[in-house]
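Numbering (the numbering used here), first residue to last: 7 to 347.
No residue lacks a Cβ here, since even glycine has one placed at the ideal position from N, Cα and C.
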C-alpha cells in the first residue's frame, strides 16, 4: 500500500502583509487536510539589490512593472512573524517549514527549530546554499524548475555528499501559472528511475488539481501547491493558488489516487469472487441422453457460470455425452475428465 501523499500548502506572499491573514491561511490549510504549510524566508536585501538596471525589471507576466526589489519587498514574510507562525502551527497540529534563500535565513530557521527545508527551483544552482542546508542533516525538498538534468545531478550530489540522507525531488515547471500541456509528468517518473533512492513529487503551478492528482497516481509522494483564502483578495501568487475547498479536494483525491495504486495483486476479493457466477459457461439447451452427441443445437455458452468453461466447447462438440441432461442443466466437468482433459 502506498503511503499517504504529503501535501504542502505554499503560503508564499499570499498573506498580503497581514500576519492575521497568515494565521488564517495556516489554519485553513490544516482544516483542508494538508500535511504542511510552507513559507519563504528572505528579505528584499538578502535576495537582491535595489537597482533598475537590465535584468532587475520584470517585463510581462503576473509581476509586470515591478523591479525585483519591489516584488520581494511586497512578497516576503517578515522575519519577526516567523516565531509566531511556527508557534501557531505547532499549537494547531500542522507542520510549518520554510524555503531559505541565503545562509542567514538558514541560521535563523535553525534557531526556530525548523523541521525540514525546501530549496526553490530558482536556487537549485546555488550549490553553496544547498551544501549549507544539507549540513544541517534535516530532510530536504528540492524543486527542479528550469534545471537541466546535469544541474539536477549536481544539486543531488552536493546535497547527499554534504549530509542529507532524506531528499525529495519535486518535478516543477516554473511558469506562473503553468499550462497543463507543459506538465510533462513523464519527467517525474524519469527522475525516480535515475535517482532510485530519492523520493519524487510535484511542485504544481497549474490552475487546477488535475495534474497533481495524476502525479500521485503515477507515484508522487509529495505535492506542493500555492494556497490562499480567496483569489479575489489578490496578492503576488493568488492567480495560481488554490482556495480552501480546492485544497480539501486535492487532499481527498490525492489520497484516493494513492490508495488506488495499491500493490500487485492477482487474488480476488470475496465480493469479486461472488460475481464469478455471472461469467459464461456451457449449458444444455435441449434434452440430451447419455450416448447422444453434443451439438451446437443442444449446448450453448451462456450465463450463469456454473457449468464448464467456454474454452471446452470445441472438445465437446460431436462427442457423446456421458450423462443425461435436461434443458437448463450445466454441463458436468465429468465430460472432460473422461477424455483426459
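Compute the Euclidean distance between the alpha carbons of residue 158 and residue 150, then round it to the nearest angstrom.
Numbered from 1 along the chain shown, position 152 holds the residue referred to as residue 158. Numbered from 1 along the chain shown, position 144 holds the residue referred to as residue 150. About 7 Å.
Look up residue 42 in the DSSP assignment and say whether it is helix, strand or coil.
By one-based count along the chain shown, residue 42 stands at place 36. Three-state DSSP puts residue 42 in a strand.
Can you round the beta-carbon distance between residue 170 and residue 140 to whole angstroms, since I take them to be within the 8 Å contact cut?
The residue labelled residue 170 in the question sits at position 164 within the chain shown. The residue labelled residue 140 in the question sits at position 134 within the chain shown. Indeed, because the Cβ distance is near 4 Å, the residues count as touching under 8 Å.
Look up residue 230 in the DSSP assignment and say whether it is helix, strand or coil.
Walking along the chain shown from the start, residue 230 turns up at place 224. Correct three-state label for residue 230: strand.
Just to confirm, are residue 19 and residue 241 a CB contact at a threshold of 8 Å?
Translated into the one-based positions of the chain shown, residue 19 becomes position 13. Translated into the one-based positions of the chain shown, residue 241 becomes position 235. For residue 19 and residue 241, yes; Cβs fall inside 8 Å.
Residue range of the alpha helix (DSSP H) that residue 251 falls in?
Start at 1 with the first residue of the chain shown, and residue 251 comes out as number 245. It spans 250-267 - the alpha helix (DSSP H) in which residue 251 sits, taken as one unbroken run.
Just verifying my parser: in three-state terms, what is the DSSP assignment at residue 7?
In the chain shown, residue 7 corresponds to position 1, counting from 1. Note on residue 7: pLDDT 39, under 50, position unreliable in the model; the coordinate value appears next. Coil, per DSSP.
Can you tell me which of 155, 329 and 342 puts its alpha carbon nearest to the alpha carbon of residue 295?
Here residue 295 refers to the residue found at position 289 of the chain shown. It is 329.
Cβ-based neighbour list, residue 254, same chain, cut-off 7 Å, excluding 5 preceding and 5 following
As a first step, residue 254 is located in the chain shown; it is residue number 248 there, counting from the start. So the qualifying residues of the chain are 38 and 39.
Distance between residue 115 and residue 46 (C-alpha atoms, nearest Å):
Within the chain shown, the letter at position 40 stands for residue 46. Within the chain shown, the letter at position 109 stands for residue 115. Taking the straight line from one Cα to the other gives about 10 Å.
From what residue to what residue does the beta strand (DSSP E) around residue 177 run?
In the chain shown, residue 177 corresponds to position 171, counting from 1. Residues 173-178.
Once DSSP output is grouped into helix, strand and coil, what is the label at residue 323?
Counted from its first residue, the chain shown places residue 323 at position 317. Reduced to three states, the DSSP call for residue 323 is strand.
Which of the three DSSP states, helix, strand or coil, is assigned to residue 105?
The sequence position of residue 105 within the chain shown is 99, counting from 1. Residue 105 falls in the strand class under three-state DSSP.
With the cut-off set at 8 Å, would you say residue 174 and residue 200 are in Cβ contact?
By 1-based counting over the chain shown, the position of residue 174 is 168. By 1-based counting over the chain shown, the position of residue 200 is 194. Going by C-beta atoms, residue 174 is not nearer than 8 Å to residue 200.
Does residue 35 pass the burial test, meaning 16 or more other C-beta atoms within 10 Å, or should it be called exposed?
Here residue 35 corresponds to residue number 29 of the chain shown, with the count starting at 1. Counting Cβ neighbours within 10 Å, residue 35 comes out buried, since at least 16 surround it.
With DSSP as the reference, label residue 316 as helix, strand or coil.
Along the chain shown, read from residue 1 onward, the residue named residue 316 stands at position 310. Three-state result, residue 316: helix.
What is the DSSP secondary structure of residue 242, counted as helix, strand or coil?
Counting from 1 along the chain shown, the entry for residue 242 is found at position 236. Residue state, collapsed to three classes: coil.
For residue 318, count neighbouring Cβ atoms within 10 angstroms of its own Cβ and tell me buried if that reaches 16, exposed if not.
One-based indexing of the chain shown puts residue 318 at position 312. Label assigned to residue 318: buried.
Leaving out the 5 sequence neighbours to the left and right, which residues in its chain are closer than 7 Å to residue 52 when beta-carbon positions are compared?
The residue given as residue 52 occupies position 46 in the chain shown. So the list reads 107, 108, 110 and 111, once near-sequence residues are dropped.
Would you report the Cα separation of residue 73 and residue 270, rounded to the nearest angstrom?
Numbered from its first residue, the chain shown carries residue 73 at position 67. Numbered from its first residue, the chain shown carries residue 270 at position 264. Whole-angstrom Cα-Cα distance: 53 Å.
For the putative contact between residue 220 and residue 191, defined by C-beta atoms under 8 Å, what is the C-beta separation to the nearest angstrom?
Taking the first residue of the chain shown as 1, we reach residue 220 at position 214. Taking the first residue of the chain shown as 1, we reach residue 191 at position 185. Rounded, the Cβ-Cβ distance is 6 Å, consistent with contact.
Find the nearest neighbour of residue 58 within the set 42, 76, 43 and 48, judged by alpha-carbon distance.
If you number the chain shown from 1, residue 58 lands on position 52. Per the Cα distances, 76.
What does the Cβ neighbour count give for residue 21, buried or exposed, with the cut at 16 atoms within 10 Å?
Sequence index remark: in the chain shown, residue 21 carries index 15 (1-based). When all chains shown are included, residue 21 counts as buried.
Evaluate the contact criterion for the segment 228-239 versus the segment 61-70: three or more CB pairs, one atom per stretch, below 8 Å.
no
Closest by C-alpha distance to residue 228, when choosing among 198, 64 and 249
As a first step, residue 228 must be located in the chain shown, where it is residue number 222. Ranking 198, 64 and 249 by Cα distance to residue 228 puts 198 first.
Per-residue burial, residue 339 [other beta carbons within 10 Å of its own, 16 or more giving buried]
The residue given as residue 339 occupies position 333 in the chain shown. Residue 339 should be labelled exposed.
Inter-residue Cα distance where the pair is residue 7 and residue 268
On the chain shown, position 1 is the one that residue 7 refers to. On the chain shown, position 262 is the one that residue 268 refers to. Confidence at residue 7 is low in this model, with a pLDDT of 39, below 50, so the placement of that residue should be treated as unreliable; the coordinate-derived value is given next. If I take the Cα positions, the gap works out to 5 Å.
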